[in-house]
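So the structure is just underneath, and the comments pick up after that.
2 protein chains.
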Amino acid sequence: MKTNKVSEAVIRRLPRYYRYLVQLAQQGDERISSSELSAIMGLNASQIRQDFNCFGGFGQQGYGYHVKSLLREIAAILTLDHTHPAIIVGAGNIGQALMYFEGFEKQGFDFRALFDVNPELVGKRIRGREIFHVDRLESYIRDNEIEIGVIAARRSAAQALADRMVSAGIKGIWNFAPLDVQSSVPVENVHLSDSLFVLAFKLSNMEAGEEQ
Amino acid sequence: MKTNKVSEAVIRRLPRYYRYLVQLAQQGDERISSSELSAIMGLNASQIRQDFNCFGGFGQQGYGYHVKSLLREIAAILTLDHTHPAIIVGAGNIGQALMYFEGFEKQGFDFRALFDVNPELVGKRIRGREIFHVDRLESYIRDNEIEIGVIAARRSAAQALADRMVSAGIKGIWNFAPLDVQSSVPVENVHLSDSLFVLAFKLSNMEAGEEQ
Numbered sequence: 049m050k051t052n053k054v055s056e057a058v059i060r061r062l063p064r065y066y067r068y069l070v071q072l073a074q075q076g077d078e079r080i081s082s083s084e085l086s087a088i089m090g091l092n093a094s095q096i097r098q099d100f101n102c103f104g105g106f107g108q109q110g111y112g113y114h115v116k117s118l119l120r121e122i123a124a125i126l127t128l129d130h131t132h133p134a135i136i137v138g139a140g141n142i143g144q145a146l147m148y149f150e151g152f153e154k155q156g157f158d159f160r161a162l163f164d165v166n167p168e169l170v171g172k173r174i175r176g177r178e179i180f181h182v183d184r185l186e187s188y189i190r191d192n193e194i195e196i197g198v199i200a201a202r203r204s205a206a207q208a209l210a211d212r213m214v215s216a217g218i219k220g221i222w223n224f225a226p227l228d229v230q231s232s233v234p235v236e237n238v239h240l241s242d243s244l245f246v247l248a249f250k251l252s253n254m255e256a257g258e259e260q
Numbered sequence: 049m050k051t052n053k054v055s056e057a058v059i060r061r062l063p064r065y066y067r068y069l070v071q072l073a074q075q076g077d078e079r080i081s082s083s084e085l086s087a088i089m090g091l092n093a094s095q096i097r098q099d100f101n102c103f104g105g106f107g108q109q110g111y112g113y114h115v116k117s118l119l120r121e122i123a124a125i126l127t128l129d130h131t132h133p134a135i136i137v138g139a140g141n142i143g144q145a146l147m148y149f150e151g152f153e154k155q156g157f158d159f160r161a162l163f164d165v166n167p168e169l170v171g172k173r174i175r176g177r178e179i180f181h182v183d184r185l186e187s188y189i190r191d192n193e194i195e196i197g198v199i200a201a202r203r204s205a206a207q208a209l210a211d212r213m214v215s216a217g218i219k220g221i222w223n224f225a226p227l228d229v230q231s232s233v234p235v236e237n238v239h240l241s242d243s244l245f246v247l248a249f250k251l252s253n254m255e256a257g258e259e260q
């Protein structure tokens, strides 16, 4: 699939399409018009058509979209139709929470092991997956062809961990440490506090009853 | 401050400005030009000036921005200069991880209590904060003038919990359950999996060595 030229903005909308389509499919909706889809997504219909055209387009004139087919197509574009072996570095609360997070496994993300330096954690299991000492990070990645490395460690350790994972052949990094790590492979830096700050701003600046 | 008309896009950039300025201040940088700021933020300089003008503007022609003053101004706009009493509903892994998350407290978010239905959790303490039975949710919110309610509960419980918190006077909702809750107060729905899916897309669609 020629998707290298798809813009960052389109890529970032794909998971949202996926989420809404999952919801429609669960409700038993069989098809949806681009105007209905645009209403629930808060995007205009021509934007949606343009987005889908980046991947060859999925709709039929006058029919709209077949929910299950569209869902399958978008899942395939997001590569949720195959397995992504992953590991988590940092077996503290965030690492453990991610192991228990609803749905990742169903969507093909297979968190196979955790790594930590804490001797009280090493050797234990979380949801059946072992916590190894971080000394074994590189060999585990190599031996198990791990694709995704999750950083759930301290800020001060994050960049060095990213570098080590990349040197061992990791393909992408999902970083929860509160600084942006730099890497030659794709990185998603998650800043949970951003949405909390937006919320704080809104609740202090929006009058009661004001439309959002 | 008249900030009601600030656009959603500007509001969503504020936490990023804040993060970068914290980093600059920690490095000991005293001032920064709008072009330097634009380079590290990946925004163009006129965008940054426009954003700041929404709040009265903070720069001086030819001088750029004084890092500490700008940081203080943006922290004040984000209302990080005062305390936001908050509670967490759901004392499982996500709720507990949020209690331990680096920095929220320093930035004024005071998670005072957790709530759960699980009798094995009720009565325990996380970081010194008690887990109450969810029956006490409304009275606790009222008696303690809680501003922010965090939903770290199951998908099926999320909307009902949001409704209960709003009826008890909560001002904003930070939702981690994997569905968008609707409310008359500001809501931030966090979808952790969105960034994971974007990562999966990128690592499958970007050639090795390709510029991101």
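Residue numbers (our numbering), protein chains in the order written: chain D, 49 to 260; chain A, 49 to 260. Just so you know, even glycine gets a beta-carbon here, dropped at the ideal spot from N, CA and C.
Range of the contiguous alpha helix (DSSP H) that encloses residue i
i	result
E84(A)	82 to 89
E121(D)	115 to 125
P63(D)	56 to 74
N101(A)	93 to 101
S232(D)	Looking at the DSSP string, S232(D) is not in any alpha helix (DSSP H), and its letter there is neither H nor E.
F277(A)	Here chain A comprises residues numbered 49 to 260, so residue 277(A) is not present and cannot be evaluated.
Beta strand (DSSP E) segment containing residue i, residue limits
i	result
R177(A)	177 to 181
D158(D)	157 to 164
V235(A)	235 to 237
G304(D)	Since the first and last residues shown for chain D are 49 and 260, residue 304(D) lies out of range.
Chain A contact residues for residue i, given Cβ-Cβ distances below 8 Å
i	result
V238(D)	L240, S243
E195(D)	L251
V214(D)	Neighbours of V214(D) on chain A: none; closest Cβ ~11 Å, over 8 Å.
Y66(D)	F245
F157(D)	L244, A248
Closer than 9 Å at the beta carbon, the chain A residues around residue i
i	result
Q144(D)	N141, Q144, A145
P63(D)	H239, S241, D242, S243, L244, F245, V246, F249
Alpha-carbon spacing of residue i relative to residue j, whole angstroms
i	j	result
V70(D)	Q108(D)	20 Å
D183(A)	L247(D)	25 Å
G105(A)	A93(A)	13 Å
R61(D)	D99(D)	9 Å
F152(A)	L209(A)	23 Å
R173(D)	R67(A)	35 Å
L146(D)	R202(D)	16 Å
S83(D)	R175(D)	43 Å
A256(D)	D164(D)	Residue placement at A256(D) is flagged as unreliable, the pLDDT there being 46, under the threshold of 50; the coordinate-derived value follows with that caveat. Near 46 Å, if we compare the C-alpha coordinates of D164(D) and A256(D).
V229(D)	I218(D)	14 Å
L169(A)	H181(D)	30 Å
A123(D)	F149(D)	19 Å
A87(D)	N192(D)	44 Å
I142(A)	L240(A)	11 Å
G171(A)	D211(D)	43 Å
I179(D)	L72(A)	36 Å
L91(D)	Y111(D)	19 Å
D129(A)	E121(D)	46 Å
M213(A)	I189(A)	7 Å
G220(A)	S187(D)	46 Å
I199(D)	V233(D)	14 Å
F224(D)	F224(A)	15 Å
S204(D)	N101(D)	43 Å
Spatially closest choice to residue i from the options, by CA coordinates
i	options	result
N166(A)	Q207(A), A206(A), V137(A), E56(A)	V137(A)
G197(A)	W222(A), D191(A), R212(A), V54(A)	W222(A)
F245(D)	V238(A), K116(A), D242(A), S81(A)	V238(A)
L162(A)	L185(A), D228(A), F149(A)	L185(A)
A216(D)	I194(D), A206(D), S204(D)	I194(D)
G302(A)	S243(A), H114(A), G171(A)	With chain A covering 49 to 260 only, the question about residue 302(A) has no answer from this structure.
I80(D)	R212(D), K116(D), A57(D)	K116(D)
P133(A)	E121(A), G112(A), F157(A)	F157(A)
L126(D)	G171(D), Q155(D), P234(D)	Q155(D)
L227(D)	Q74(A), I59(A), V54(A)	Q74(A)
L119(A)	S243(A), S252(A), R190(A), E78(A)	E78(A)
I96(A)	A206(A), A57(A), A139(A)	A57(A)
V235(A)	M89(D), S243(D), V54(D)	S243(D)
S231(D)	I135(A), S187(A), L251(A)	L251(A)
M89(A)	M213(A), S55(A), P63(A)	P63(A)
R177(A)	T131(A), A139(A), F224(A), V233(A)	A139(A)
Y65(A)	L85(A), S55(A), K53(A), A205(A)	L85(A)
Partners in chain D for residue i, counting only beta-carbon separations shorter than 9 Å
i	result
T127(A)	F245, A248, F249, L251, S252, N253
Under 7 Å by beta carbon: chain D residues contacting residue i
i	result
R60(A)	V246
H132(A)	A248
Interface residues of chain A facing residue i [CB-CB closer than 7 Å]
i	result
K219(D)	L251
beta-carbon residue i near the ligand GTP non-hydrogen atom, thresh 8 Å
i	result
F103(D)	The ligand content of the structure shown is nil, which means the ligand GTP is not present either.
Practice prompt. Output the residue ranges of the alpha helix (DSSP H) runs that lie fully inside the stretch 166 to 215 of chain D and measure 4 residues or longer, sorted by chain position.
Written response: Scanning the stretch 166 to 215 of chain D from its first residue to its last, the whole alpha helix (DSSP H) runs of 4-plus residues come out as 185 to 192, 203 to 215.
Fill in: Runs of beta strand (DSSP E) lying entirely within the stretch 130 to 158 of chain D, each at least 3 residues, in chain order
As far as the stretch 130 to 158 of chain D is concerned, its whole beta strand (DSSP E) runs of at least 3 residues are 132 to 137.
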